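Working notes for the structure below.
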């Protein structure tokens with residue numbers, strides 16, 4: 011009886027920055043500082059939006075939850091990446107890889123939806139200011155946040171199951187910094203066309219539909235702002251939206267390039283760079299963008315720092 015030589019993959023090897031062997035510990039130091047900045051910056055935003063009386067509005071309620079989401083999102087990939095850089099070993103068990111992808115996609119979908127919710131909040135505040143307290147009451151805000159967290163969960167769990175139901179019979183080396191669908195589909199055995207379509211369709215749904223909602227919201231916001239009588243009111247309305255637009259541009263731009271561009275145009279180095287943008291750079295810049303461009307946030311941070319110095 012003939013036996014087919016099939017190797018069962020029990021773990022994957024993340025190559026990460028293996029092409030830079032002499033800089034592993036330097037990269038570890040750089041990324042450790044970045045991770046601490048993400049934790050401290052977003053954690054500080056969470057604290058001030060929760061405790062400062064001047065920031066008890068729907069906009070800052072969503073910002074606090076968005077900061078918490080950013081911490082969770084980076085914590086899915088960052089600790090293991092730091093471990094791999096320090097030990098210079100990228101071994102990750104099969105189940106751990108599946109869990110990493112599942113949580114990464116669930117939190118990524120939640121981030122897309124929450125960004126759309128934040129755009130809707132700005133739309134109501136600027137276009138329907140008289141009805142704003144009625145429409146965006148606390149109950150509605152809580153429901154929108156919960157919907158952002160749970161809407162994508164069943165779909166992303168199903169997508170993860172589809173990806174890991176493929177046959178992985180070797181090789182098991184992923185030329186990436188964390189487990190993700192594109193490098194996994196490259197090392198899978200057999201026909202992966204349908205799985206690739208599922209990945210692209212899911213990304214299209216959770217990236218493009220919220221992006222379209224954001225675009226429609228800001229088109230209406232822009233039309234309303236242009237009708238405002240004074241320049242000061244126009245600049246104030248623009249300033250409340252500019253921070254959100256910058257975060258949207260960074261996150262959606264890099265994520266769209268990775269997941270929505272054709273397979274033929276993919277390159278390993280560019281995928282790593284853009285993956286760093288939406289998993290590291292955006293969460294790191296989020297507190298800076300919102301604090302440097304917001305007088306209320308700056309005032310709240312100064313109060314906290316003053317209390318710390320006094321104590």
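Residue numbers (this note's numbering): 11 to 321.
Even for Gly, the Cβ is constructed at its ideal location relative to N, Cα and C.
None of the values given here were measured: they were computed from a predicted structure.
*Go ahead and pull the three-state DSSP assignment for residue 49.*
helix
*Residue interval of the alpha helix (DSSP H) (run including residue 114)*: 104-137
*If you drop the 5 nearest sequence neighbours on each side, which residues of the same chain put their C-beta closer than 6 Å to that of residue 59?*
65, 70, 73, 74
*asked:* Considering Cα atoms alone, identify which of 120, 298, 96 is closest to residue 30.
replied: 96
*Quick one: Cα of residue 26 to Cα of residue 186, how far?*
5 Å
_Looking at the secondary structure, which residues open and close the beta strand (DSSP E) in which residue 207 lies?_
Premise fails: residue 207 lies in the alpha helix (DSSP H), 203-213, not in any beta strand (DSSP E).
*In this structure, does DSSP put residue 22 in helix, strand or coil?*
strand
*Looking at C-alpha atoms only, which residue of 61, 290, 255 is the closest neighbour of residue 231?*
255
*Are three or more beta carbon pairs between the segment 278-297 and the segment 82-95 nearer than 8 Å?*
yes
*DSSP state of residue 183 mapped onto helix, strand, coil*: strand
*CB residue 147 to CB residue 23, shorter than 7 Å?*
no
_Spatial neighbours of residue 15 in its chain, beta-carbon cut-off 7 Å, leaving aside the 5 residues before and after_ = Here residue 15 scores only 46 on pLDDT, less than 50, and its place in the model should not be relied on; the value that follows carries that caveat. Result list for residue 15: empty, nothing under 7 Å.
_Just to check my reading of the structure: residue 198 and residue 176 have Cβ atoms closer than 8 Å, yes? What is that Cβ distance to the nearest angstrom?_
4 Å
*Are the beta-carbon atoms of residue 280 and residue 130 separated by less than 7 Å?*
no
*Buried or exposed: which applies to residue 170, given that a residue is buried once 16 or more other Cβ atoms fall within 10 Å of its Cβ?*
buried
*CB of residue 3 within 7 Å of CB of residue 127, strictly*: Missing from the structure shown is residue 3; the chain here goes from 11 to 321 and no further.
*Put residue 307 into one of helix, strand or coil per three-state DSSP.*
helix
_For residue 32, the three-state DSSP class (helix, strand or coil)_ = helix
_7 Å Cβ shell around residue 114 - same chain, five flanking residues per side excluded_ = 86, 87
*Of the listed residues 229, 191, 260, 307, nearest to residue 248 (C-alpha basis)*: 229
*Would you kindly report the start and end of the unbroken alpha helix (DSSP H) that includes residue 91?*
68-97
*Below 8 Å on the Cβ atoms is my guess for residue 180 versus residue 19; work out the distance and round it to an integer in Å.*
6 Å
*Residues in its own chain within less than 7 Å of residue 166 by CB, not counting five upstream and five downstream?*
112, 115, 116, 119
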